[in-house]
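Inspection log for the structure reproduced underneath, given as structure tokens.
There are 2 protein chains.
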Amino acid sequence: MLHAPDRGFTNAEFEQRTQRVQLAMQADGMDALLLTTPADIYYFSGFLTQFWQSPTRPWFLLIPQSGKPVAVIPGIGLECMQRTWIDDIRVWAAPHPSDDGVSLLVATVKELCGDSPKLGVPMGQETHIRMPLNSLSQCQKELKSGHWIDATQVIRSVRAIKSKHEIEKIKYICSIASKAFSRVPTYELTGRNTIDLFRQFKMSCLELGADDCAYLVGAAGPDGYTDVISPPGPRALQKGDVFMLDTGCVWDGYHCDFDRNFAVVHASDEAHRAYGILWEATERAIEALKPGMTCKELYQVMMDAMPGTDGGNVGRIGHGLGIDLTEPPSLTAFDETELKENMVMTLEPGINYGNGLTMVHEENLVIRANGAELLSTRASQTLPICQRM
Amino acid sequence: MLHAPDRGFTNAEFEQRTQRVQLAMQADGMDALLLTTPADIYYFSGFLTQFWQSPTRPWFLLIPQSGKPVAVIPGIGLECMQRTWIDDIRVWAAPHPSDDGVSLLVATVKELCGDSPKLGVPMGQETHIRMPLNSLSQCQKELKSGHWIDATQVIRSVRAIKSKHEIEKIKYICSIASKAFSRVPTYELTGRNTIDLFRQFKMSCLELGADDCAYLVGAAGPDGYTDVISPPGPRALQKGDVFMLDTGCVWDGYHCDFDRNFAVVHASDEAHRAYGILWEATERAIEALKPGMTCKELYQVMMDAMPGTDGGNVGRIGHGLGIDLTEPPSLTAFDETELKENMVMTLEPGINYGNGLTMVHEENLVIRANGAELLSTRASQTLPICQRM
Chain A
-9 MLHAPDRGFT NAEFEQRTQR VQLAMQADGM DALLLTTPAD IYYFSGFLTQ FWQSPTRPWF
51 LLIPQSGKPV AVIPGIGLEC MQRTWIDDIR VWAAPHPSDD GVSLLVATVK ELCGDSPKLG
111 VPMGQETHIR MPLNSLSQCQ KELKSGHWID ATQVIRSVRA IKSKHEIEKI KYICSIASKA
171 FSRVPTYELT GRNTIDLFRQ FKMSCLELGA DDCAYLVGAA GPDGYTDVIS PPGPRALQKG
231 DVFMLDTGCV WDGYHCDFDR NFAVVHASDE AHRAYGILWE ATERAIEALK PGMTCKELYQ
291 VMMDAMPGTD GGNVGRIGHG LGIDLTEPPS LTAFDETELK ENMVMTLEPG INYGNGLTMV
351 HEENLVIRAN GAELLSTRAS QTLPICQRM
Chain B
-9 MLHAPDRGFT NAEFEQRTQR VQLAMQADGM DALLLTTPAD IYYFSGFLTQ FWQSPTRPWF
51 LLIPQSGKPV AVIPGIGLEC MQRTWIDDIR VWAAPHPSDD GVSLLVATVK ELCGDSPKLG
111 VPMGQETHIR MPLNSLSQCQ KELKSGHWID ATQVIRSVRA IKSKHEIEKI KYICSIASKA
171 FSRVPTYELT GRNTIDLFRQ FKMSCLELGA DDCAYLVGAA GPDGYTDVIS PPGPRALQKG
231 DVFMLDTGCV WDGYHCDFDR NFAVVHASDE AHRAYGILWE ATERAIEALK PGMTCKELYQ
291 VMMDAMPGTD GGNVGRIGHG LGIDLTEPPS LTAFDETELK ENMVMTLEPG INYGNGLTMV
351 HEENLVIRAN GAELLSTRAS QTLPICQRM
């Protein structure tokens, strides 16, 4: 396991991020960018809090054409925002019965950009606007949404290329999850269900230094599982089960996202074979990956290694990774995004086998000038067997 | 600590929830309800997954005027949704390059309600629409948003009144967190910071049976803290510190939400006094609470017990609780919502003291016919002291 990097980022790093997005905004003719989601706001301000889990209050960050971002936020967040690099913080008393930040947001946008701002707003895939529709409609009216510009690509292009310090954080949380996965074969499984097993795994992650292990999905069943996004269940594990845990642990606001498969005492030849195909498809992608390839090309490398399969039916076989558990781009037959140096990606091929069973297999990596650098500790080449039952 | 209740809900319970909302929809003239967020979708379908943490895909649940809800979801969720009481599940291959569920959603709405549906959509405070703005705009156009009706109140009124089984789940997770808080004074604090302390607390919650302890905020400082929503930090705890942990642990999709304060070895008279005022304000609210009171009246009971203070500047001094960490209504000077039997609420008065310090104090309760029933184990009447330093 690695040594913990520093928490937070320097002001210089936030300046660079802001300048990079301002350059992209300029190219698209935007006067300001309006951000409303936890990941976008953390990325440009450093504002990190689990308080986002309360859906009550909207939060806004505006990025003008030049200079620092401006925060328009509920008063409860003032102290926490004041510890970031942001200077201009405007607060209202939220929740408010009739005007939950809208008039303050509108006034701030007009002050920064005039009455008909060319406001950049994320509108495309994998985005949403985190504010009530009534408030959004009022902003659309008062800030003349006819002039708004879709900022999805502008934000995506900046966030996709990770800095040295972002990569360090992802690498660190990957090393924690890798270590936690390596403990699973030592767990006693007799009489236990996946609810217990998942709980023990989360405790392992925390004990090893994760800030959180809130994302943990998976399944278990005789010789395999049928579903890859479910919470654990009460069925007792049995000899001959194959189970999978897929975790997005977090450290300082950055995720890992990978899974591991295990068999209980023994597994069928079919399960071993499915595992081998997925391992090999991942291996080929790791070997082939070079900056300049497209997502579609990398997708094809993996699909070519799994002839006659469909990649497991989950819509894609890999994606970006960072502040969000899943980020663009996607490894699909249609995503033509160019893979660039310092993008962090998952490889996640899936395969169907047996009687309606499915298996997924995942690694995390960063793209370097000369190819892939693994962030997760490479999965064992053969399906690991848990003997303690 | 309590015994774990059953996981999940009966189909009869989902039927009742659906019928209750359908009655409210009828009164407001809605043809169908469109839901897009994890809490609303879990409430009416039983679809529970941490996969919501991936922002990539939108998910939709439609509630027609009669009959069961209809799910319009990404294919990756089919298996998990099939295990709920929902029969009509329509899937698309997501992510999709150009049509991420919009045409399927539009077609389904038209099939259920005709070409000019009076679609109920949450638009008000504490809501948002979890889909890309471009997709939303297209739905607004194709489904004639001029006829849409704000469904905020319709959904809120149904979700606010908890069933027996919902209350059992909240009571259970409250009992786990209460037990975890009772362990804090046994923690060794010498040389430790709040990052370590929070991690140990999360492990205690998991060990005691919580599914997750993803919400844990708080702070520590000499004689008190200044911020109530921040993540833990690297500063070593010292004698004379007052610290607070505020947790929203989860069990089977239901939250607790309460905090506890502790002093390290000793605290000033001012800190003890602030604690006593908050404890007493909470006590008066517990005594006064009766169905039929308004939120505003309950707010006033607490404020009257803290003369010359402002409630701690966080915008409200209590709120609803359930699937979401914070739910309507709010204990504020302006919320005239009537408090009814089987609502689950937090009481959360705050106070400022000393040189810019703040303190918050919180309990969880359910409103019964004859008054408040505490769900959290009542906080100690005096500021607890941790001696292990």
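Protein sequences, first through last, are from chains A and B.
The letter at position 298 of the first sequence is residue 288 when you use this note's numbering, and the numbering goes up by one with no holes.
The letter at position 255 of the second sequence is residue 245 when you use this note's numbering, and the numbering goes up by one with no holes.
Every residue gets a Cβ at the ideal spot worked out from N, C-alpha and C, and that includes glycine.
Fair warning: this is a prediction, and the values are worked out from it, not measured in the lab.
By the 16-neighbour rule on beta-carbons within 10 angstroms, residue 178/A is exposed.
Rounded to the nearest angstrom, the gap between the Cα atoms of residue 7/B and residue 181/A is 36 Å.
By the criterion of a C-beta distance shorter than 7 Å, residue 159/A is surrounded in its chain by -5, 241, 242, 244, once the five residues flanking it on both sides are discounted. A Cβ of chain B is located within less than 9 Å of the beta carbon of residue 324/A.
The three-state secondary structure of residue 198/A, taken from DSSP, is coil. Annotation for residue 246/B: no alpha helix (DSSP H) segment contains it, and DSSP assigns it neither H nor E. Shown here, residue 62/A sits in a strand according to DSSP, grouped into three states. Only 27, 29, 38, 39, 40, 41 from the stretch 27 to 41 of chain B bring a Cβ to less than 8 Å from some Cβ of chain A. If you look at residue 266/B, you'll find it in the alpha helix (DSSP H) that goes 259 to 278. 57/B is the residue among 372/B, 57/B, 375/B whose C-alpha sits nearest the C-alpha of residue 103/B. Counting only residues of its own chain and dropping the five nearest sequence neighbours on each side, residue 78/B has a CB closer than 6 Å to the CB of 60.
Following the DSSP letters along the chain, one finds residue 80/B inside the beta strand (DSSP E) bounded by residues 79 to 82. Interface annotation for the stretch 213 to 237 of chain B against chain A: 216, 217, 218, 219, 220, 221, 224, criterion Cβ-Cβ distance under 8 Å. Of the candidates 121/B, 368/B, 90/B, 133/B, the residue whose Cα lies closest to the Cα of residue 96/B is 133/B. Any Cβ of chain B closer than 9 Å to the Cβ of residue 66/A would place that residue at the interface, and such an atom is present.
Less than 9 Å separates the beta-carbon of residue 37/B from that of residue 70/B. Burial of residue 320/A is indicated by the presence of at least 16 other C-beta atoms within 10 angstroms of its C-beta.
Contact between residue 373/B and residue 253/B holds: CB atoms are separated by about 5 Å, below the 8 Å threshold. Using a Cβ distance threshold of 9 Å, residue 111/B and residue 14/B do not count as a contacting pair. For residue 236/A, the enclosing beta strand (DSSP E) stretches over residues 231 to 241.
In terms of Cα proximity to residue 172/A, the closest of 155/A, 161/A, 186/A, 195/A is 195/A. Here residue 328/B is exposed, its C-beta having fewer than 16 other C-beta atoms within 10 Å. Using beta-carbon distances, residue 182/A does not count as an interface residue toward chain B, since no partner is under 9 Å.
For the stretch 109 to 128 of chain B, the set of positions with a beta-carbon nearer than 9 Å to some beta-carbon of chain A reads 111, 112, 113, 114, 115, 116, 117, 118, 119, 120, 121, 122, 123, 124, 125, 126, 127 in chain order. In the displayed model, residue 218/A falls within coil according to three-state DSSP, outside both helix and strand.
Here residue 115/B is buried. Its C-beta has 16 or more other C-beta atoms within 10 Å. For residue 304/A, the closest Cβ of chain B is nearer than 9 Å. For residue 343/A, the secondary structure class from DSSP, reduced to helix, strand or coil, is strand. Three or more Cβ pairs closer than 8 Å define a contact, and the stretch 340 to 352 of chain B falls short of that threshold against the stretch 133 to 144 of chain B.
The three-state secondary structure of residue 111/A, taken from DSSP, is strand. At least 9 Å separates the CB of residue -7/A from every CB of chain B.
Residue-level contact by beta carbon holds for residue 193/A and chain B, with a gap shorter than 9 Å.
Against chain A, the CB of residue 290/B has no partner CB under 9 Å away; the residue lies outside that interface. Not one beta carbon of chain A lies nearer than 9 Å to the beta carbon of residue 254/B. For residue 34/B, the uninterrupted alpha helix (DSSP H) segment begins and ends at 28 to 35.
For the options 324/A, 100/A, 41/A, 187/A, the alpha carbon positioned closest to that of residue 24/A is the one of 100/A.
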